[in-house]
Amino acid sequence: MTATRTLPDVNSETYPYDLVQSLLDQTANFSLFAAPEPGYAQKASLSPAAPGDFFGLNGGYGLAIGCNLHRFDATARLAGGRRDLVVQQAVGEPEGRLRCRWMLGPEDLPWAPGGEPPPAIFDPWSPLRFAMADAVFTFGDGEHGFRGYGVGRTFPVVVAGRPRILAGAVGNLTEGFGAFRGLEATFVMTGTLTKELGFLGNITCRVVDPAGRMRGEEVSSLNPILDPDPDSTFLVLRGEKRDRTVKTTYGPPPDDVRVSLVTPSQMRALHLRFRGKGSPGPRAETRVHEVVGTMEANVAFNLLAPPGTAQRPVPFTTQELYTFVDGRGETLGTVTAGVVEGISFDLKLPAAPGQPAVRFAGFGPIQGGTGVFAGAQGLLTVNSLIGISPHALSLLHVLHLVDPEGRLRSGGRTTRKQRKKDEVSEVLPKDDPFYPLWRHKEEYTETYRGWRQGFQRCSRTIADTIAKTYNGLLDFSDFPGLRIDADTLADLFARGAGPFDPVAFDRYLGRARGSFQTYELGTRRELDSSVLYSAWGRKNLRFPDGRIAKKISGSFSGYFDPTALPDLSEGKVDIILNSHRPDVGLTSWVEIYQGHRQQRASFAYKLPDPHEILWFVKDVSMHGQPVHNNVFMASHEWKGTLRGRTCYFMVGIFFDIDFDACTIRLTGDRFWRALYEEEG
Amino acid sequence: MSTMQTAAEAGSASRLQRLIDEVAGFNILAVPEARSSGSALRATGRNGVIGWQVREALHRFDIVLHPPSAAGGMKAENSVGESAGWLDLRWLLIPRDFLARPDREPPATLLDPERSQRFTMQEATFRFGDGSDGFRSFGTGRTFPAFYGGGLRLLAAAVGNVIEGFGKFRGHEGNYTLCGEIDPERGFVGHGVVRILDSQGNLRTAADLPPMQTRQSPDPDATYLLFGAQTGPGQENSFSFGSDGQIRGANILTQLRLLRLGFAAGGSEGFRANDLRIGEPIGLEVGFGRGSEPGASQAGSALKPFLFEGVAKYTFSDASGREIGAVTTNVLEGRRFDVRLPAAPDEPALRFGFFGPIVLGTGCFAGAEGMFYGSSGSILKPPPAEHVITHFYVARLHDPDGRFRVAVGKGEGR
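Protein chains in written order, with my numbering: chain A, 21 to 700; chain B, 4 to 417.
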């Protein structure tokens, strides 16, 4: 291309501007929060087909990424008396999953779907490009989703004296399934690499959806969880021309091949909601709010290149200046950023055949800021659709600001943290012996979810084995058995965390004496017996986030009121905190002090009988050392009468469950039975 | 070792292993001398640090790794002994693509403590005892900013090569790897694992070394784990092939073993090191390695070492074989030198040093942060041929709470 080239008038109207704008906006916009799938990085390989090839060690020449995809709200608003810009941000329940391999490569790594780049080793201190191979996004129970390919880059930065590795990526849907079948989409990612080699951050996915398959209905608000990334603020913006009179101009060309389009836009606050579960499939809702600023973008690309395809997209870069204003129109601050890695694809608008259009996406670093954005660091992602002649814009930009002080968050970081702390301390003071149990349960949120997801994925296999094993032990005479129906159990596992059941939750109120017998699995010979005295708190604790909790104590030496415990270091009593929260369901945390130190985390499913519950109990630590195995102790518990008295029956069996392989097998050589009698 | 190995081959392997292990291997701990101050070098007319020139005390340093156990995890005793020599160093920051050589002075390059930067060890002269035994060396390294203890700290690791020995070290070749922390104003505080070839045996002694006069660690936030690795029974290397069918590197297995190193330098005997003390197996290494420069010659010399990189996972097990923990580490910089063994001149012997970060810890290493490095000797033939090797591996863990440390003299169950 030379200086004599003739450039098209991008502002001319092949179709009316307003029609093109409305067609470009026909996308289902998913804004997801990706949090690392617990334990995935430790087991995953970069070369799963060749386990004996140690090139595949995760963290070496790439990163095996496994994420839970959570519902996410990050909405910028002009709030308060001065109507300052604040972001209301919350992460909700997981409703999808992403698995992919980031294969690190050289700086000139090519776009090559299906291929792998020349290898480069992961150096946490050096920026590196990567190819995003075998990306699979799934939603709900996995029946909806898509495969994709993309490229990305790591950005080592130091923010407030703390080194972090940011990562951005851009990709293209290569094959949809379920509700995504036959659709085109572009996705972008911006986030942080965790110490455990996971990706923590935002993903926006724009699905071209002219038929309204996944949009057009209201999506319920999310149930917030403890923020997995309190150091990041995501400013989600909609960019558009103010109206058809705003013209795009050509700027000085960056080179002989590319042109520079200067596109002034107004930026609006955008509220994106999605759900991944439920019939008939994933849904996304887009709400556009007030104007919060403007953007001057200078986009460099080859306007005359053949339209971009999945195999050969057209690259672009940008340089952008965002100017944010408060409710009175006064400048709050500016952000400069630029896309360093952008890809664009030809876009057909069925309702406007012949209308040139492009979907394009990319990412790049935030270069700086002024005013409230002074010292800004982070990444920008863009995920957009534009027309060419007319040059209508449907831009979706995310400014990912590393914001450890929460300067832009609603209420600010310190205040927000303090508020949560204050609210919790009103329910459970920090010096309460059960406070650490609550904290552990909060920290284990993702683990609990991961386990439930494993049970969802492997529901049939696990249910069959559990039911078969338990039903094989019904013929004991100490107390009557209760049969487990495998189909019902599989259905319950597949449903995930169940609703709060007050009857089961408060099945004891006070003291109960449990007689435990341990048997050899093969011979049913009794090996051991003991008596445990349990005391259940009569009052439930209600936390601000919806968690309902109950204090319980257990001791071999007698009853201990869980609200008036002795010094736990004396080793006389163990303590348990049962709770229910909608996102994780019924869970428990156990701190064992009698005999030795041990910690256990457990989660439960409510079975059909009024007081029937099936717990899965996992040893977390023993003697202060973490326990790493796949052994879960199942404990089937129900209520009944024996010799005219109301009793509680329990049977415990140990299983080794591998969620990746979806296998379950009996483990150990014993099982136990317990008979609890209430003693007021 | 191949399962098809013949007795003759086994004998040969055993002999070669013995030759490879004819080395003086020892730990040192380098600490800026108390009277040293203002070690930072500044460029003329520019405001900023371009390197360091400092005299450091070399202390005896003992690392005793305890066998992994479910109850104790992985822990080591770290004992700092008396000063046994000194190190005169002049390190200069260099541009990323600078070809470092002992005969080239690099351009002035400013320190940026927020970035990882390369540096040369333009001068690194080790002197032991009264100073009559020692060696001059040259090498390269990198700085690594790390967020430890609520602040930014500057770690450094480097591989050095002996250029010229004097006193007892005259005529010896060898290499070492350093890892520690840089105080931009005072100098380097850290550990070095040194491996000097000693086919004549004049650097080693079978006698007990004098006990160390232990003192408080100048590096209290770090715990060093030292262990060895050799090819174990049934282990054999293999090629790794890329998706294009071409060889992209080698898959390497070794057996991890307890290892003790020690030296002393006082008195009339001057410098002397213990023979290597290689103990019981404690785990498994699986790794992948390759040259860092595509198409580079396989030869490695003092002026142009062969550069390599790779990834490895070190899994530690207790006596019953139960996994206790694992770390995955990346070698970002490895420098390899060809060796001619006098007793086996035709064997493709090598010595090398390397360093890189711990990128992932599991089990007892969950959440562990730090660096991994070492000094090694090997006879390396293309897979699946016999691989004779002895690694001195060290993990430097950020450990302000002493999670990986056993108080000296308070061994568990020992």
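All residues carry an ideal CB built from backbone N, CA and C; glycine is no exception.
Residues of the stretch 70 to 102 of chain A with a C-beta less than 9 angstroms from any C-beta of chain B: Ala70, Gly72, Asp73, Phe74, Phe75, Gly76, Leu77, Asn78, Gly79, Gly80, Tyr81, listed in chain order.
A direct Cα-Cα distance of roughly 30 angstroms separates A/Pro273 from A/Tyr169. DSSP places B/Asp349 in the uninterrupted beta strand (DSSP E) bounded by 347 to 366. A/Gly398 and A/Gly191 have their C-alpha atoms some 20 angstroms from each other.
Against chain A, the CB of B/Ser323 has no partner CB under 8 angstroms away; the residue lies outside that interface. Using a Cβ-Cβ cut-off of 7 angstroms, B/Lys316 is close to Leu77 of chain A, given in chain order.
A/Trp458 carries a helical assignment under DSSP once its states are collapsed to helix, strand and coil. Of the other Cβ atoms in all chains shown, 16 or more fall within 10 Å of the Cβ of A/Gln41; this residue is therefore buried. The three-state secondary structure of B/Phe191, taken from DSSP, is strand. The C-beta distance from B/Glu25 to B/Asp136 rounds to 18 angstroms, too long to meet the 8 angstroms contact threshold.
In this structure, A/Leu627 sits near A/Leu512, with a CB-CB distance shorter than 8 angstroms. Per the coordinates, the alpha-carbon of B/Thr226 lies some 29 angstroms from the alpha-carbon of B/Phe340. Beta-bridge annotation (DSSP): B/Tyr151 is paired with B/Gly154. Separation of A/Ala140 and A/Gly82 (C-alpha to C-alpha, rounded to the nearest whole angstrom) is 8 angstroms. Spanning the alpha carbons of B/Leu212 and B/Ala276 requires a straight line of approximately 8 angstroms. Exposed is the label assigned to A/Glu540, since fewer than 16 other Cβ atoms lie within 10 Å of its Cβ. Cβ contact annotation for B/Phe29 (same chain, cutoff 7 angstroms, sequence separation greater than five): Val197, Leu264, Gly265, Phe266, Ala276, in chain order. From the beta-carbon of B/Ser243, the residues of chain A found nearer than 8 angstroms are Asp73, Phe74, Phe75. When DSSP states are grouped into helix, strand and coil, A/Glu216 belongs to the coil group. With a threshold of 16 other beta carbon atoms within 10 Å, A/Gln46 meets it and is buried.
Taking the beta carbon of A/His411 as reference, no residue of chain B falls within 9 angstroms; the closest one sits roughly 40 angstroms away. In the structure shown, A/Asn491 adopts helical secondary structure according to DSSP, grouped into three states. Distance from the Cα of A/Leu257 is smallest, within the candidate group A/Val378, A/Arg601, A/Arg379, A/Leu292, for A/Leu292. Here DSSP, grouped into helix, strand and coil, assigns A/Asp511 to helix. For the 8 angstroms CB-CB criterion, B/Asn81 and B/Arg399 do not form a contact. A/Thr283 is bridged by DSSP to A/Ala317. Annotation for A/Val266: no alpha helix (DSSP H) segment contains it, and DSSP assigns it neither H nor E. Checking the DSSP bridge columns, you'll see A/Arg97 partnered with A/Val106.
Secondary structure at B/Leu92: strand, using DSSP grouped into helix, strand and coil.
Within the same chain, and ignoring the five residues on either side of B/Asp278 in sequence, the residues whose Cβ sits closer than 7 angstroms to its Cβ are Arg207, Ala209. According to DSSP, residue pairing for A/Ile677 in a beta bridge involves A/Ile684. In this structure, A/Glu316 is the residue among A/Glu310, A/Glu316, A/Gly232 with its C-alpha nearest to the C-alpha of A/Tyr270.
For the set A/Arg685, A/Asp680, A/Met653, the Cα lying nearest the Cα of A/Met670 is the one of A/Met653. Here the C-alpha atom of A/Leu686 lies approximately 6 angstroms from the C-alpha atom of A/Asp676. Annotation for A/Ala61: the continuous alpha helix (DSSP H) segment containing it runs 60 to 63.
Contact with chain A is found for B/Phe291, since one of that chain's Cβ atoms lies less than 8 angstroms from the residue's Cβ.
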